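Top line first, the protein sequences correspond to chains A and B.
Note that our numbering numbers the first sequence so that position 89 is 93, with each residue one more than the last.
Note that our numbering numbers the second sequence so that position 24 is 227, with each residue one more than the last.
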Amino acid sequence: MNELAITVIGPDRTGIIADVSAALAGVGANLSDSTMTRLRGHFAMTLICTGPTAGDVEKALEPLSDLLATVRAVQPEADGAARGEPYLVSVHGADRLGIVAAVTRVVAAAGGNITDLTTRLTGPLYVLVAEVDLPPGTADDLAVRLAEAADELGVEVTLRRAESDVL
Amino acid sequence: MSDALADWKPDVLGVEGRVLPVVTAPAAVLSREGAEVDPADPEIVQLAADLVATMRVSPGCVGLAAPQVGVSAQVFVVDVTQHPKTATSHGTFVLCNARVVEASRWRPGREGCMSVPDLTGDVKRAGRVVVEGALPGTGEAVRLTTDAFEARALQHEIDHCAGKLFLDRVAGAHAVYQRKVYL
Chain A
5 MNELAITVIG PDRTGIIADV SAALAGVGAN LSDSTMTRLR GHFAMTLICT GPTAGDVEKA
65 LEPLSDLLAT VRAVQPEADG AARGEPYLVS VHGADRLGIV AAVTRVVAAA GGNITDLTTR
125 LTGPLYVLVA EVDLPPGTAD DLAVRLAEAA DELGVEVTLR RAESDVL
Chain B
204 MSDALADWKP DVLGVEGRVL PVVTAPAAVL SREGAEVDPA DPEIVQLAAD LVATMRVSPG
264 CVGLAAPQVG VSAQVFVVDV TQHPKTATSH GTFVLCNARV VEASRWRPGR EGCMSVPDLT
324 GDVKRAGRVV VEGALPGTGE AVRLTTDAFE ARALQHEIDH CAGKLFLDRV AGAHAVYQRK
384 VYL
């Protein structure tokens, strides 16, 4: 079974998802995972599909000329299960160059794997929220290093356990 | 009425509970509103005992509703006594036809569910609730006031009885997560 990684981005308008997903369904591409969101005035889609070949999908998306699409074949994941402990990193402060680079470098240096990250700039305020898998026992040390990085950047940062309760 | 709940123990059901398989989504029974039950019906008494027994053998399980064992009925068991987020606790108890009659102090929390084993989600629940229901066997009406984790558990189980999963209540499109910690 072909597995495809597809990105689509274009100026936001109504019907983008309907158009793209109909084109995909038309060539038998089954959407497994996706994130779709509006970034400023652009609508961005990142999709994993199974079914057709990359060429079939490229052809199917071609008529949607206001959208920029990329399609490539990828290997199915062997085992997607995260092994670490789940944490949330929140950063907020005045916008400046390099916040994401500095914060994520500190997380990477601690062996943390970012599984989801969103940033928003609203007026002068910059906000970053990331989901991170940390190697067991490393959170306290990472919190100290994040605080140091945040001091240098002049932003606020918190690291907290993303606890989920099973009911 | 609350004394009846404080004194309630699963052994008053007088039947041996059986461990039943737990149903997982997308099973249709999880999305169906459960039927109101007669708490004195011997089948419901047996179901109550089964829910207790199944909860007991499931690691980390603090509550289990009838639809989760494939029975579309308004019956569930709760026991949050061992959970670190518990403030008020009423021990192990089974309620029939329960409903939330007062809810306040809404707060978000991340929930997982035995019937949705691979996902968690951020759900806003009341941190203080008043719940009314009936005890299996005697059918005695009870009214309980609770908070914190027991309040969340009750709302989660009452939702199951109404055919709702936490997925029906998540805070937004980015509030569903791949579950990372397995018990």
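Ideal placement from N, C-alpha and C gives every residue a C-beta, glycine not left out.
The structure displayed is predicted, hence computed values, not measured ones.
Determine, using beta carbons only, whether residue i comes closer than 8 angstroms to chain B.
{"i": "E7 of chain A", "result": "no"}
{"i": "T18 of chain A", "result": "no"}
{"i": "T122 of chain A", "result": "yes"}
For residue i, which residues in the same chain have their Cβ closer than 7 angstroms to its Cβ, ignoring the five residues on either side in sequence?
{"i": "D16 of chain A", "result": "R42, G45, H46 and F47"}
{"i": "T162 of chain A", "result": "S94"}
{"i": "L51 of chain A", "result": "I10, L35 and S38"}
{"i": "R331 of chain B", "result": "S307, R308, D350 and A354"}
{"i": "A58 of chain A", "result": "L8, V75, R76 and A77"}
At the 8 angstroms Cβ level, is residue i part of the contact set with chain A, yes or no?
{"i": "C364 of chain B", "result": "no"}
{"i": "H359 of chain B", "result": "yes"}
{"i": "T323 of chain B", "result": "yes"}
{"i": "G312 of chain B", "result": "yes"}
{"i": "H293 of chain B", "result": "no"}
{"i": "K367 of chain B", "result": "no"}
{"i": "K327 of chain B", "result": "no"}
{"i": "G330 of chain B", "result": "no"}
{"i": "G217 of chain B", "result": "no"}
{"i": "K288 of chain B", "result": "yes"}
Here's a check: name, in chain order, each residue in its chain whose Cβ is nearer than 6 angstroms to the Cβ of residue i, leaving out the five neighbours to either side.
{"i": "R372 of chain B", "result": "V326"}
{"i": "W309 of chain B", "result": "K327 and A329"}
{"i": "L71 of chain A", "result": "V12 and G14"}
{"i": "V304 of chain B", "result": "V333 and E335"}
{"i": "V110 of chain A", "result": "R149, L150 and A153"}
{"i": "V280 of chain B", "result": "L254, V255, M258, L267 and V297"}
{"i": "Q358 of chain B", "result": "R328"}
{"i": "P242 of chain B", "result": "C299, A337, P339 and G342"}
{"i": "E239 of chain B", "result": "Q277 and N300"}
{"i": "L68 of chain A", "result": "D23"}
{"i": "I20 of chain A", "result": "F47"}
Is it true that the CB of residue j sits closer than 8 angstroms to the CB of residue i?
{"i": "G116 of chain A", "j": "V136 of chain A", "result": "yes"}
{"i": "G324 of chain B", "j": "V379 of chain B", "result": "yes"}
{"i": "A306 of chain B", "j": "D350 of chain B", "result": "no"}
{"i": "A276 of chain B", "j": "R221 of chain B", "result": "no"}
{"i": "V24 of chain A", "j": "M49 of chain A", "result": "yes"}
{"i": "H293 of chain B", "j": "A209 of chain B", "result": "yes"}
{"i": "G366 of chain B", "j": "S234 of chain B", "result": "yes"}
{"i": "L138 of chain A", "j": "L146 of chain A", "result": "yes"}
{"i": "V345 of chain B", "j": "A207 of chain B", "result": "yes"}
{"i": "K212 of chain B", "j": "D169 of chain A", "result": "no"}
{"i": "C299 of chain B", "j": "I247 of chain B", "result": "yes"}
{"i": "G273 of chain B", "j": "C364 of chain B", "result": "no"}
{"i": "G312 of chain B", "j": "L216 of chain B", "result": "no"}
{"i": "Q249 of chain B", "j": "V283 of chain B", "result": "no"}
Grab me the residues of residue i's own chain with a C-beta within less than 8 angstroms of its C-beta, minus the 5 sequence neighbours each way, in chain order.
{"i": "C53 of chain A", "result": "E7, L8, I10, L28, A33, N34, L35, S36 and V61"}
{"i": "A143 of chain A", "result": "E89, Y91, L163 and R165"}
{"i": "M317 of chain B", "result": "V225, T227, S261, C264, L267 and Q271"}
{"i": "T18 of chain A", "result": "none"}
Output, in chain order, the set of chain A residues within a Cβ distance shorter than 8 angstroms of residue i.
{"i": "R382 of chain B", "result": "S168"}
{"i": "F352 of chain B", "result": "D169"}
{"i": "G375 of chain B", "result": "None at all; the shortest Cβ gap to chain A is about 11 angstroms."}
{"i": "G336 of chain B", "result": "Chain A residues near G336 of chain B: none, gap ~17 angstroms exceeds 8 angstroms."}
{"i": "G263 of chain B", "result": "V170"}
Residues of chain A with CB closer than 9 angstroms to the CB of residue i, please, in chain order.
{"i": "G266 of chain B", "result": "L171"}
{"i": "M317 of chain B", "result": "V170 and L171"}
{"i": "A356 of chain B", "result": "D169 and L171"}
{"i": "G342 of chain B", "result": "Chain A residues near G342 of chain B: none, gap ~26 angstroms exceeds 9 angstroms."}
{"i": "G237 of chain B", "result": "Neighbours of G237 of chain B on chain A: none; closest Cβ ~17 angstroms, over 9 angstroms."}
Please compile the residues from chain B whose C-beta is within a distance smaller than 9 angstroms of the C-beta of residue i.
{"i": "R126 of chain A", "result": "Per the sequence shown, the amino acid found at residue 126 of chain A is Thr instead of Arg. Within 9 angstroms Cβ-Cβ: nothing; T126 of chain A doesn't reach chain B, min ~16 angstroms."}
Cβ closer than 8 angstroms: which chain B residues qualify as neighbours of residue i?
{"i": "E135 of chain A", "result": "Y380"}
Using a cut-off of 7 angstroms between C-beta atoms, extract the partners of residue i located in chain A.
{"i": "G220 of chain B", "result": "Simply none; closest approach about 20 angstroms."}
At least three beta-carbon pairs within less than 8 angstroms, the region 47 to 63 of chain A to the region 91 to 102 of chain A: no
Counting pairs of Cβ atoms below 8 angstroms between the region 124 to 133 of chain A and the region 221 to 231 of chain B, do you hit three or more? no
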